[in-house]
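Report on the structure given below.
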Ligand SMILES: [Zn+2]
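In our numbering, the protein residues as written are 15 to 294.
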């Protein structure tokens, strides 16, 4: 009890000092089985996926070095087999750092456009459009989503569970990240369409809550409605501040990050439409 109390006291002290005082090991973590042998591993606001096949563990994004070490520990609790495959959803550093500890004995898979090394890890298997492999009783279908959010973004569908691991292109009932990072948003919308074209039931995103396939369509419709509302406003000569007053997207007020990120989504969309010459 004393130990428990002191760890609470330490946590409280750290929280009082603000998030920057929290060490990586204080990350919010959880392991959730979302389908038979398919696990979602949370490290703060990022999620990875681990699938146990009977012949090994197939792991997606390492997230970062500390998270990857933790993922390896959790895998060892689920199976006595090694990590057989490390699959990078894409090469963005917040999902793809620290993979070395998971790559040791694994086939390391990335899309062809990924850099030669991803935080020091060299992919051993690259593919252009699709790659499929079976291990034990599980099949993995990897599909490039095309350019948009990054150049090397893929979806991973696991069978027979029909789970899709989707990173950054879309997430169930959650606004796109902040100002959408200067991406070509029309291409990004096409990436979400590509997700919609895949055959799956459970939508396991790298951010936010688990959903279903229809959530991908809702995410794409959100982006299209935002696009047309911002474009109409720009053509009426509205400023960014005026757009933030008038583009309310109120159908989405229950989605996560609505209040924080809608103004940034509007900025990002307006920036893209102006820069791509579509707002004239
Ligand atoms: Zn990304």
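For glycine and all other residues, C-beta sits at the position ideal for the given N, C-alpha and C.
Residue i and residue j closer than 8 Å at C-beta
i, j, result
"residue 62", "residue 85", "yes"
"residue 269", "residue 192", "no"
"residue 282", "residue 261", "no"
"residue 48", "residue 224", "yes"
"residue 150", "residue 208", "no"
"residue 81", "residue 41", "yes"
"residue 163", "residue 197", "yes"
"residue 199", "residue 237", "yes"
"residue 152", "residue 67", "yes"
Status (buried if at least 16 other CB within 10 Å, exposed otherwise) for residue i
i, result
"residue 148", "exposed"
"residue 38", "With a pLDDT of 49 at residue 38, under the threshold of 50, the modelled position of this residue cannot be trusted; read the value that follows with caution. Exposed, since its Cβ has fewer than 16 Cβ neighbours within 10 Å."
"residue 131", "exposed"
"residue 46", "exposed"
"residue 59", "exposed"
"residue 294", "exposed"
"residue 273", "exposed"
"residue 117", "buried"
"residue 233", "buried"
Sequence-distant residues of the same chain with beta carbon closer than 8 Å to residue i, five excluded per side
i, result
"residue 123", "99, 100, 101, 102, 137, 138, 139, 140, 141, 145 and 156"
"residue 107", "133"
"residue 143", "157 and 158"
"residue 295", "Residue numbering for the chain in the displayed model covers 15 to 294; residue 295 lies beyond these limits and cannot be assessed."
Inter-residue CB distance, residue i and residue j (contact presumed, cutoff 8 Å)
i, j, result
"residue 219", "residue 190", "The Cβ separation is near 12 Å, so there is no contact."
"residue 277", "residue 258", "5 Å"
"residue 240", "residue 263", "6 Å"
"residue 50", "residue 70", "16 Å between Cβ atoms; not a contact."
"residue 205", "residue 183", "4 Å"
"residue 181", "residue 210", "Contact flag wrong, Cβ pair sits at about 16 Å."
"residue 254", "residue 289", "With a Cβ gap of about 13 Å, residue 254 and residue 289 do not count as contacting."
"residue 72", "residue 154", "6 Å"
Sequence-distant residues of its chain with Cβ nearer than 7 Å to residue i (five each side left out)
i, result
"residue 229", "186, 187 and 217"
"residue 212", "157, 169, 171 and 178"
"residue 215", "176, 226 and 227"
"residue 120", "97, 98, 99 and 100"
"residue 135", "113, 114, 117 and 122"
"residue 317", "Since the first residue of the chain shown is 15 and the last is 294, residue 317 is not available in this structure."
"residue 292", "245"
Residues near residue i by beta carbon distance below 6 Å, same chain, minus five either side
i, result
"residue 179", "63, 74, 170 and 218"
"residue 166", "104, 105, 125, 127 and 128"
"residue 202", "162 and 163"
Three-state secondary structure (DSSP) of residue i
i, result
"residue 187", "coil"
"residue 64", "strand"
"residue 102", "coil"
"residue 154", "strand"
"residue 196", "helix"
"residue 146", "strand"
"residue 209", "helix"
"residue 235", "helix"
"residue 59", "coil"
"residue 131", "coil"
"residue 219", "strand"
"residue 115", "helix"
"residue 121", "strand"
"residue 88", "helix"
"residue 224", "coil"
"residue 172", "strand"
"residue 46", "strand"
"residue 242", "helix"
"residue 177", "strand"
"residue 27", "Only weak support is given to the placement of residue 27: the predicted model assigns it a pLDDT of 40, under 50, and the question is left unresolved by the model."
"residue 288", "helix"
"residue 270", "strand"
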